[in-house]
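There are 2 protein chains.
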Amino acid sequence: MTLERLHIDALTAILGDKGIVAQAGMEAYETGARYDRGRAAAVLRPRTTAEVSAAVAYCVRHAIPLIPQSGNTGLVSGSTPDASGNEAVLSLDRLSAGMDLDLDNRSVRVDAGMRLSELNGRLEEHGLFFPIDLGADPRIGGMVATNTGGSRFLKYGDVRRNTLGLTVVLADEQGSVLDLQNHLRKDNTGVDWKQLFIGTSGAFGIVTECVLNLEPLPRQVATALLVPASGAHVLPLLRAMEERLGAYLSAFEGMSANAVKAAFAHVPSLRNPFQGGQVPDYVILAEISRTWAPREGEQPLDAVLEATLAEIWELPAAPLADALPGPPQEIWALRHCLSEGVKHLGKLIAFDLSFRRGDIMAFCDRMRADMPAKFPGITICDFGHIGDGGVHFNLVVPKDSHLLQDETFESRLRDWVIETAVGEYDGSFSAEHAIGRRNQAFYDRYTPEKQKHMAAGLKALTSPARLGSVRFGSVEKEKTGARS
Amino acid sequence: MTLERLHIDALTAILGDKGIVAQAGMEAYETGARYDRGRAAAVLRPRTTAEVSAAVAYCVRHAIPLIPQSGNTGLVSGSTPDASGNEAVLSLDRLSAGMDLDLDNRSVRVDAGMRLSELNGRLEEHGLFFPIDLGADPRIGGMVATNTGGSRFLKYGDVRRNTLGLTVVLADEQGSVLDLQNHLRKDNTGVDWKQLFIGTSGAFGIVTECVLNLEPLPRQVATALLVPASGAHVLPLLRAMEERLGAYLSAFEGMSANAVKAAFAHVPSLRNPFQGGQVPDYVILAEISRTWAPREGEQPLDAVLEATLAEIWELPAAPLADALPGPPQEIWALRHCLSEGVKHLGKLIAFDLSFRRGDIMAFCDRMRADMPAKFPGITICDFGHIGDGGVHFNLVVPKDSHLLQDETFESRLRDWVIETAVGEYDGSFSAEHAIGRRNQAFYDRYTPEKQKHMAAGLKALTSPARLGSVRFGSVEKEKTGARS
Chain G
14 MTLERLHIDA
24 LTAILGDKGI
34 VAQAGMEAYE
44 TGARYDRGRA
54 AAVLRPRTTA
64 EVSAAVAYCV
74 RHAIPLIPQS
84 GNTGLVSGST
94 PDASGNEAVL
104 SLDRLSAGMD
114 LDLDNRSVRV
124 DAGMRLSELN
134 GRLEEHGLFF
144 PIDLGADPRI
154 GGMVATNTGG
164 SRFLKYGDVR
174 RNTLGLTVVL
184 ADEQGSVLDL
194 QNHLRKDNTG
204 VDWKQLFIGT
214 SGAFGIVTEC
224 VLNLEPLPRQ
234 VATALLVPAS
244 GAHVLPLLRA
254 MEERLGAYLS
264 AFEGMSANAV
274 KAAFAHVPSL
284 RNPFQGGQVP
294 DYVILAEISR
304 TWAPREGEQP
314 LDAVLEATLA
324 EIWELPAAPL
334 ADALPGPPQE
344 IWALRHCLSE
354 GVKHLGKLIA
364 FDLSFRRGDI
374 MAFCDRMRAD
384 MPAKFPGITI
394 CDFGHIGDGG
404 VHFNLVVPKD
414 SHLLQDETFE
424 SRLRDWVIET
434 AVGEYDGSFS
444 AEHAIGRRNQ
454 AFYDRYTPEK
464 QKHMAAGLKA
474 LTSPARLGSV
484 RFGSVEKEKT
494 GARS
Chain A
14 MTLERLHIDA
24 LTAILGDKGI
34 VAQAGMEAYE
44 TGARYDRGRA
54 AAVLRPRTTA
64 EVSAAVAYCV
74 RHAIPLIPQS
84 GNTGLVSGST
94 PDASGNEAVL
104 SLDRLSAGMD
114 LDLDNRSVRV
124 DAGMRLSELN
134 GRLEEHGLFF
144 PIDLGADPRI
154 GGMVATNTGG
164 SRFLKYGDVR
174 RNTLGLTVVL
184 ADEQGSVLDL
194 QNHLRKDNTG
204 VDWKQLFIGT
214 SGAFGIVTEC
224 VLNLEPLPRQ
234 VATALLVPAS
244 GAHVLPLLRA
254 MEERLGAYLS
264 AFEGMSANAV
274 KAAFAHVPSL
284 RNPFQGGQVP
294 DYVILAEISR
304 TWAPREGEQP
314 LDAVLEATLA
324 EIWELPAAPL
334 ADALPGPPQE
344 IWALRHCLSE
354 GVKHLGKLIA
364 FDLSFRRGDI
374 MAFCDRMRAD
384 MPAKFPGITI
394 CDFGHIGDGG
404 VHFNLVVPKD
414 SHLLQDETFE
424 SRLRDWVIET
434 AVGEYDGSFS
444 AEHAIGRRNQ
454 AFYDRYTPEK
464 QKHMAAGLKA
474 LTSPARLGSV
484 RFGSVEKEKT
494 GARS
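Just so you know, the sequences run in chain order G and A. Read left to right, the first sequence gives residues 14 to 497 (the numbering used here). Read left to right, the second sequence gives residues 14 to 497 (the numbering used here).
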């Protein structure tokens, strides 16, 4: 089912012929990056904030629910339509050309539909980058809507920290445009409205333009694979590195043996650097970096890393069992192949959790201890961002497991993992993927009533119409009337 | 006028004898750090979040307006009562003992009434600190409510960046407590509610507990006074330093000649390091730092600074005219004496502005050009945080100036400066002091109607009763009924 001819004609008048896809060609917009396939009433492709505003106003007045989509690389079904065929996708893929660089301010204004790779490609000649490092290549608006973190959060923080301003279109009858672009780092003249549109999955407004903080590109990098003396030594090792390397430390990524072995097994180009090919129980990828060119008289970065590791080695109760320095490209290749490797082991059930840093290993140990009795045959292939508390807690079910015959299995497993993470460890059920349809039930379960009520109020204040895949507060209160 | 006996008795039952000051002893709570003196109906001094909640619930039910006060070091009359004698101060000075340090997580939970100096004193033995560097010594809750920045924002960011969680008491009939403490760095499971209580001057809720990110203490520091080739070379100099020093760069503070001369003139202990005592037109305080102890084989930090300055010196169109390295304590002493020195020149009229970094010097030049004709005899003594766009734009009127006889003078001056900063340069009228009573008129003037309307809605959603000195949205909509 697609939109009535009447609406298609009206939206074509607003967006032009290329601004709307209503029959063939909608598949890419209807299909999630990892899960799910929905059906869109139409796909709207505005080129400017003004076109977004006009299209939104039209859709709100005619009760056409909108799903903003900006990159569609997310893993929680946040930017694809449901199966009803009633929801129109509002894609930012044509709102992607504009960019104004301010070198003095070390910031850039960019259309929200630009890809991260394109932005960083354009910034490279200026020695700058937007420092959110991800496996995927999303568009900027989607990164803002989900507040992505990535592998170098430890040094640079998340999208929230690096967003100076936004332009947002609200889903009200006017398609109101909020200009929250002042390009300032310091401004305390009221509510910092942009915070409400960061990380809320597009429910309160459609981000159309972004002003971003930029950082100098690293010009020197040194990496090593570190083997902690035991799981209990992971945090002491991190603290010892932080103490000795300060702002040099740009990544401290943990990888379980199961994940590493899966990568070696399924990606033949990876070199196994461990003695006799024996993968240790847990491995850390440590990266240090400097943003300036090598300087005469200055110790090379490899030597800095070597010297600090030697210091740590000699600590009483040394947290380090082994260290294998290696070229950054090779070492990161292993990290980037973990997902791919794990996927080949069987059916993947993925969790994006976060904890206080001290609780990560305890949680994973607890799961390793209890899993065999509760869900036999499941392999735990966790890896993640130990430096900032995020864990990609991935479970693999062998393709021939009887569990897969049980219709309740996956939801029982998800409930148990998340109840343990949130209920017992005070962790988060979504560290950096945000909510999306796949986490709606957990939002509903774990959000206190008071906050749900306030979120519903916020929704009514900003974008009272149906917008986005996530329901904040009561669905009943959102305008869901039939189309006129 | 103080509260009726009935209310005093009831609040004494909630807070204990020491929890309420109702006659003598209110002066310190009624007097602003720089401006103004109000009259309090009473001063409430709860020791716990539960006591805050109970006291707030009582006051809301009896229509007693509350002014939260946490340190009272602000400069915009944000935390003192008005002259009516109707407002009760809710001070956090007794909610100041609790602190739970999590070394693995590099974070601390602290009662909101703790002083910054006490917190950092307690953290020092662990090699950590809360990295917001200020001239004053506020309490943490007030820092959160105003989102203070300070002199090392360039490296560490503001309070917002370093706040992981809050507990907030809302001004509703229940004195609702929002527990927003999950101690996590990564969490995208809905609205990040704490953002609404940061920088909004206590209007939406009373911050009672804070979870803060901590940073390793610097163990090596090098500083220099730099003389840019001209005002137009200040930003190129900053960019050259950022490119060559990256995360080492921890301060880049600008000081005008007038401010520096005033400090030398009024603080005899300061050493004037400039050749022949000739203060240049503009001076930069540059600081670089490392968080680790000096290491064998590593170039000392003084040598790093010297080498980078030598590189910058040899650039074509070198932005640097002179550089005077010196001991950090001596160099910071000059920076910290600027306020004191400027105050002695006459009547001080202070502005806390911020700009895109490239606009600061242009704005100051514009003011220097136009001031003599518009407001003759006024001295501009600006200094500030060039690295992050903040400027303390201080004007001094000689005590014998005829301008001071003119009742409209100060408001005409303020209107002109702020209209130029905000209207022409798209800057902020409050970089880091937040709003307070003194900026209310500018909030009303420069906030778009849509945002004012949304702020009023937010106020109704969170703390519908009278709370704090700032009016977000319509005063009419706030409950202001007479006491029962």
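Even glycine gets a Cβ: it sits at the ideal position worked out from N, Cα and C. It should be emphasised that the depicted structure is a prediction, and the values quoted were computed from it without experimental measurement.
Buried or exposed, going by whether 16 or more other CB atoms sit within 10 Å of the CB of residue i?
| i | result |
| --- | --- |
| residue 383 of chain G | exposed |
| residue 328 of chain A | exposed |
| residue 504 of chain A | Outside the displayed range of chain A (14 to 497) lies residue 504 of chain A, so it cannot be described from this structure. |
| residue 490 of chain G | Any reading at residue 490 of chain G needs caution, since the residue's pLDDT is 45, under 50, leaving its predicted position unreliable; the model's value is listed next. With fewer than 16 Cβ atoms within 10 Å of its Cβ, residue 490 of chain G is classed as exposed. |
| residue 464 of chain A | buried |
| residue 20 of chain A | buried |
| residue 5 of chain A | Outside the shown range of chain A (14 to 497) lies residue 5 of chain A, about which nothing can therefore be said. |
| residue 479 of chain A | buried |
| residue 357 of chain G | exposed |
| residue 310 of chain A | exposed |
| residue 26 of chain A | exposed |
| residue 199 of chain G | buried |
Could you tell me which chain G residues have their CB closer than 7 Å to the CB of residue i, listed as they occur along the chain?
| i | result |
| --- | --- |
| residue 218 of chain A | Neighbours of residue 218 of chain A on chain G: none; closest Cβ ~11 Å, over 7 Å. |
| residue 327 of chain A | Near residue 327 of chain A there are no residues of chain G at all, since even the closest Cβ is about 13 Å away, more than 7 Å. |
| residue 208 of chain A | 205 and 208 |
| residue 237 of chain A | The premise fails here: residue 237 of chain A is roughly 17 Å from chain G at the closest Cβ pair, so nothing lies under 7 Å. |
| residue 320 of chain A | 308 and 310 |
Looking at residue j and residue i, is the spacing between their C-beta atoms short of 8 Å?
| i | j | result |
| --- | --- | --- |
| residue 109 of chain A | residue 158 of chain A | no |
| residue 102 of chain G | residue 77 of chain G | no |
| residue 32 of chain G | residue 482 of chain G | no |
| residue 188 of chain G | residue 23 of chain G | no |
| residue 98 of chain G | residue 135 of chain G | no |
| residue 150 of chain G | residue 221 of chain G | no |
| residue 440 of chain A | residue 372 of chain A | yes |
| residue 403 of chain A | residue 367 of chain A | yes |
| residue 471 of chain G | residue 355 of chain A | no |
| residue 56 of chain A | residue 182 of chain A | no |
| residue 153 of chain A | residue 129 of chain A | yes |
Strictly below 9 Å CB to CB, what residues from chain B border residue i?
| i | result |
| --- | --- |
| residue 189 of chain G | As a matter of chain content, chain B is missing from the structure shown, whose protein chains are G and A. |
Kindly list, in the order they appear in chain A, the residues whose Cβ is closer than 7 Å to that of residue i.
| i | result |
| --- | --- |
| residue 212 of chain G | 201 and 205 |
| residue 460 of chain G | 203 |
For a contact meaning CB atoms closer than 8 Å, what does residue i contact in chain A?
| i | result |
| --- | --- |
| residue 316 of chain G | 310 |
| residue 475 of chain G | 467 |
| residue 174 of chain G | 170 and 174 |
Whose Cβ in chain G lies nearer than 8 Å to the Cβ of residue i?
| i | result |
| --- | --- |
| residue 196 of chain A | 369 and 439 |
| residue 485 of chain A | 203 and 204 |
Below 9 Å on C-beta distance, what does residue i contact in chain A?
| i | result |
| --- | --- |
| residue 166 of chain G | 198 and 199 |
Just to make sure I have the definition right: I need the residues of chain G whose C-beta is within less than 9 Å of the C-beta of residue i. Which are they?
| i | result |
| --- | --- |
| residue 140 of chain A | 256 |
Exercise for the section: Anything in the region 349-371 of chain G with a Cβ closer than 8 Å to a Cβ of chain A? List those residues in chain order, please. Expected result: Hits within the stretch, in order: 367, 368, 369, 370 and 371.
Handout entry: Cβ contact check for the region 307-319 of chain A and the region 272-288 of chain A: 3 or more pairs under 8 Å
Key = Taking 8 Å as the limit for Cβ pairs, the verdict is that the region 272-288 of chain A does not touch the region 307-319 of chain A.
Practice task
Can you give me, in chain order, the residues of the region 248-268 of chain A that have a beta carbon less than 9 Å from any beta carbon in chain G?
Solution key: From the region 248-268 of chain A, only 248, 249, 251, 252, 255, 256, 257, 258, 259, 260 and 261 have a Cβ closer than 9 Å to chain G.
Practice task
Give a yes or no on contact between the region 293-306 of chain G and the region 220-235 of chain G, applying the rule of three or more CB pairs nearer than 8 Å.
Solution key: yes
Handout entry: Interface positions of the region 436-449 of chain G facing chain A (Cβ-Cβ less than 9 Å), listed along the chain
Key = Hits within the stretch, in order: 439, 440, 441, 442, 443, 444, 445, 446, 447 and 448.
Handout entry: Contact list for the region 60-75 of chain A against chain G, Cβ threshold 7 Å
Key = none
Problem - Segment contact, 8 Å Cβ cut-off, at least three pairs: the region 399-413 of chain A with the region 330-346 of chain A - result: no
Handout entry: Interfacial residues, the region 221-232 of chain G to chain A, with Cβ spacing under 8 Å
Key = 229
Problem - Against chain G: residues of the region 145-163 of chain A by CB proximity under 7 Å - result: Listed by position along the chain: 159, 160 and 162.
Practice task
Pull out every residue of the region 99-133 of chain A whose Cβ sits closer than 8 Å to any Cβ of chain G, in chain order.
Solution key: 115, 116, 117, 118, 119 and 120
Practice task
Output, in sequence order along the chain, the residues in the region 400-415 of chain A whose CB is closer than 7 Å to any CB in chain G.
Solution key: Correct list: 401, 402 and 403.
Handout entry: Three CB pairs or more closer than 8 Å across the region 162-171 of chain A and the region 250-267 of chain A
Key = yes
Problem - Any 3 or more C-beta pairs closer than 8 Å across the region 384-404 of chain A and the region 431-446 of chain A - result: Under the 8 Å Cβ criterion, the region 384-404 of chain A counts as touching the region 431-446 of chain A, having at least three qualifying pairs.
Problem - Near-chain G residues of the region 286-303 of chain A (beta-carbon distance less than 7 Å), N- to C-terminal order - result: Within the region 286-303 of chain A, the residues whose Cβ lies closer than 7 Å to some Cβ of chain G are 303, listed in chain order.
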